[in-house]
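Participant: Submitted below is the structure of interest, expressed as structure tokens.
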Amino acid sequence: MAETTASSTAATPVAGVSMLTVRISKSPQLALPALDFVDGLEFAVPAEFTKRSLCELLDELLKQQHQEQHTQQVIDDEVEDTRQHPRVRTDRLDFVVVEKNELLRTSLKNFCETRGLSFEKTVELQCVQAFDAKAKTRRRSKQVPSWMSAMCWSRVRSELVVGVCNGMVVTYSVLGDGQTTENPFPFSSNGEAATGSSPVRDVCWVHTGENIHFAAATEAGSVYIGDTGRKAESSHGTLAVCQTADDASSANALAGDFHDSTSLSTLFVGYESGFVRAFSLSQAALSPISREASGKQRKRKNSDTVELFPQSETKFHSGPVCDLLVPNRQHFLFSASMDGLLHQVDTTAWKTVRTILAGGGKAVTGLTPWGRHDSSAGRFVTSCMDGALRLCDFNASEQSGVTALKAPDCLAQLCLSSSPINEMHVASGGKDGSVRIWDIRSPKVPLHRYTDVHGEEGTVQAVEWISSTDSHGDGSSRLYSCGSNGCLVEFLL
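Read in the UniProt record's numbering, the sequence shown has 5 at position 5, and its numbers run on one by one without any break.
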């Protein structure tokens, strides 16, 4: 039936009008079951056809198929079927030219001429989810007066800690049921702390015994550890600061390692200079209570802020360190850099165990495991400055463990977060202001792309994908992004 419908709908050749033969396939991720019948259809169309023209053609095919099914239904059941055929909306559909792995943004003629494609060959097109869909956001926070630059989720505290480029650290509770008239911005700020005037480059949570504190890496090179719940007069929430003696470069990346058997935690810091340093954090050093020599306890004051210095340090990279990751309960650290390398570091021996060219020769900007529950498996996704995501498998032999995912219109991808409920799904944030959701088994195009998330010319600086079991208890997941417009955004998935 599909072949008959296609031939009857295909455009009739007209004198002076260039024609092209196209073959249409449907992306498995396209949530339009009604279009399953178009998979493999081949027909001639005018070379001037655009995305809209193709959508109208598919809509006509779908309408004809519906009418044929309706007629057969009446014959078989003698019952009038009044259902309308499902429309093909241009805002829900895009076409990828398979040979070039690029979106069709102009006419077929213009695309073929500018890309050197022959008019004599059949043009392979794949129907995919529209990449122009506006973000379906559930909630937004109030704006802060500067860029939001980094973000990290705490399952224990059910809070997101966000770093801001004006030197502030803000925590947000993401519990709640959405916007109301009385509370139009349902993200409530639980507190904030000042780390100085230097922009915050990264944030994470650190554990010491029963205490949980934020850590904030700054462009000035210092790393501040504190609690946004403390009063302003108490050193703006700062309990300790990690310093380096002879390296004034920016502190770019953080990762915490909590040891269950002791009251000690290790904080790993990556720097612009390529160094990675380890700082030991004790429960006593980060306690908001200070014990005097007489044994009396008192609240700590500004002068009680503890200075910490690294216990281990090595220059693992020739370029800036951009991201760090510590698998649960393992003595390994994974370090990604703008030099394009991903190192596996033994934190006990403090040496590199293995290195992967994770950027394919391009700068790496972010790092996440294939699913949060499997971070110890040695499989990671990296985001890169060339717009690609790359899958890195430390269990594979040499460079055979690196595979690239690339969308046709991607600019630099700046951040990553993996799904907590589906290890094959990853979210990325881009320099073009888009948030993309990928299935790593389908590397040609993302499942979804949400544009202008942080303004028309905004940049996505961080994404965080959390399980709703942690925050809402409904068994699904929530995706958050923050960026250059100073807003925290929650997505409807």
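Quick reminder that beta carbons are idealized off the backbone N, C-alpha and C, glycines included.
Classify Val-38 as helix, strand or coil using the three-state DSSP reduction.
Facilitator: The answer is helix: DSSP assigns Val-38 an H, G or I state.
Participant: Smallest Cα separation from Asp-53: which of Ile-466, Ser-107 and Tyr-450?
Facilitator: This sequence places Ser at residue 53; Asp is not what is there. For Ser-53, the nearest C-alpha among the options comes from Ser-107.
Participant: In terms of DSSP beta bridges, what is His-207 paired with?
Facilitator: In DSSP, His-207 forms a bridge with Ile-212.
Participant: What residue range is occupied by the uninterrupted beta strand (DSSP E) comprising Lys-26?
Facilitator: 19–26 is the extent of the beta strand (DSSP E) around Lys-26.
Participant: Given that a residue counts as buried once 16 or more other Cβ atoms are within 10 Å of its Cβ, and exposed if not, what is residue 508?
Facilitator: The question about residue 508 has no answer here: the residues shown for the chain are numbered 1 through 493.
Participant: Does Val-38 pass the burial test, meaning 16 or more other C-beta atoms within 10 Å, or should it be called exposed?
Facilitator: Under this definition Val-38 is a buried residue.
Participant: Tell me which same chain residues have a C-beta within less than 7 Å of the C-beta of Arg-115, skipping the five on either side of it?
Facilitator: Taken in chain order, the residues that qualify are Lys-100.
Participant: Under the three-state reduction of DSSP, which class applies to Lys-351: helix, strand or coil?
Facilitator: If DSSP states are grouped into helix, strand and coil, Lys-351 belongs with the strands.
Participant: Give the DSSP-derived three-state secondary structure of Asp-393 in the structure shown.
Facilitator: Here Asp-393 sits in strand by DSSP.
Participant: Relative to the C-alpha of Thr-46, which residue among Thr-122, Leu-35, Ala-336 and Ser-27 is closest?
Facilitator: Position check: residue 46 holds Pro in this sequence, whereas Thr was assumed. With distances taken between Cα atoms, Pro-46 lies closest to Thr-122.
Participant: Which same chain residues, not among the five before or five after Gly-458, have their C-beta less than 6 Å away from its C-beta?
Facilitator: Contacts found: Gly-433, Gly-483, Ser-484 and Asn-485.
Participant: Which value, in whole angstroms, describes the spacing of the CA atoms of Val-453 and Val-435?
Facilitator: Their Cα atoms are separated by approximately 7 Å.
Participant: Rounded to whole angstroms, what's the CA-CA distance from Ala-427 to Ile-437? Just pull it up for me.
Facilitator: If you take the alpha carbons of Ala-427 and Ile-437, they lie about 4 Å apart.
Participant: Using DSSP with H/G/I as helix, E/B as strand and the rest coil, what is Thr-451?
Facilitator: Strand at Thr-451.
Participant: Excluding the 5 residues preceding and the 5 following Ala-232 in the sequence, name in chain order all residues of the same chain whose CB lies nearer than 7 Å to its CB.
Facilitator: With a pLDDT of only 40 at Ala-232, under the threshold of 50, the placement of this residue in the model should not be trusted; the figure read from the coordinates follows. There are no such residues.
Participant: Beta strand (DSSP E) containing Glu-124: first to last residue?
Facilitator: It spans 123–129 - the beta strand (DSSP E) in which Glu-124 sits, taken as one unbroken run.
Participant: Report the rounded CA-to-CA distance for Ser-250 versus Gly-221, giving the unit in angstroms.
Facilitator: So the two alpha carbons sit approximately 4 Å from each other.
Participant: Compare the C-alpha of Met-338 against each of Ser-149, Trp-147, Asp-36 and Leu-324 and name the closest.
Facilitator: The residue with the shortest Cα to Cα distance from Met-338 is Leu-324.
Participant: Strictly by DSSP, which residues pair up with His-343?
Facilitator: DSSP lists Ser-335 and Thr-355 as partners of His-343.
Participant: In three-state DSSP terms, what is Thr-459?
Facilitator: If DSSP states are grouped into helix, strand and coil, Thr-459 belongs with coil.
Participant: How should Ala-248 be labelled, buried or exposed, when 16 other C-beta atoms within 10 angstroms of its C-beta is the threshold for buried?
Facilitator: Per the 10 Å Cβ criterion, exposed.
Participant: If you check the beta carbons only, do Ala-193 and Gly-256 fall under 8 Å apart?
Facilitator: No; because the gap between Cβ atoms is not below 8 Å, this pair is not in contact.
Participant: For Leu-117, tell me which candidate among Ser-265, Ile-225, Leu-20 and Gly-270 has the shortest Cα-Cα distance.
Facilitator: Answer by Cα proximity: Leu-20.
Participant: Where does the unbroken alpha helix (DSSP H) through Arg-115 begin, and where does it stop?
Facilitator: Element bounds for Arg-115: 108–115.
Participant: Asp-132 by DSSP, collapsed to three states: which one?
Facilitator: With a pLDDT of 48 at Asp-132, under the threshold of 50, the predicted position of this residue should be treated as unreliable, and no value is reported.
Participant: Could you have a look at Asp-59 and say whether DSSP puts it in helix, strand or coil?
Facilitator: It is helical.
Participant: Between which two residues does the beta strand (DSSP E) harbouring Pro-369 extend?
Facilitator: Looking at the DSSP string, the run of the beta strand (DSSP E) that includes Pro-369 is 364–369.
Participant: State yes or no: is the C-beta of Ser-149 within less than 8 Å of the C-beta of Val-223?
Facilitator: No. Outside cutoff.
Participant: Among the candidates Ala-253, Val-22, Ile-356 and Ile-225, whose CA atom is the shortest distance from the CA of Val-241?
Facilitator: Minimum Cα distance to Val-241 is reached at Ile-225.
Participant: Does DSSP classify Pro-320 as helix, strand or coil?
Facilitator: Correct three-state label for Pro-320: coil.
Participant: For Met-424, is the classification buried or exposed, using 16 other Cβ atoms within 10 angstroms of its Cβ as the cut-off for buried?
Facilitator: Exposed, by the Cβ-count rule.
Participant: When burial is assigned at 16 or more other CB atoms within 10 Å of the CB, is Val-161 buried or exposed?
Facilitator: So Val-161 ends up on the buried side.
Participant: Between the C-alpha atoms of Pro-327 and Leu-333, what's the straight-line distance to the nearest angstrom?
Facilitator: Roughly 7 Å between the two C-alpha positions.
Participant: Just curious, the beta strand (DSSP E) that Gly-163 is in, first and last residue?
Facilitator: Where Gly-163 is concerned, the enclosing beta strand (DSSP E) stretches over 159–164.
Participant: For Val-460, count neighbouring C-beta atoms within 10 Å of its own C-beta (all shown protein chains included) and say buried if the count is 16 or more, exposed if not.
Facilitator: Classification of Val-460: buried, given that the 10 Å Cβ count is 16 or more.
Participant: How is Pro-46 classed by DSSP in three states: helix, strand or coil?
Facilitator: Residue state, collapsed to three classes: strand.
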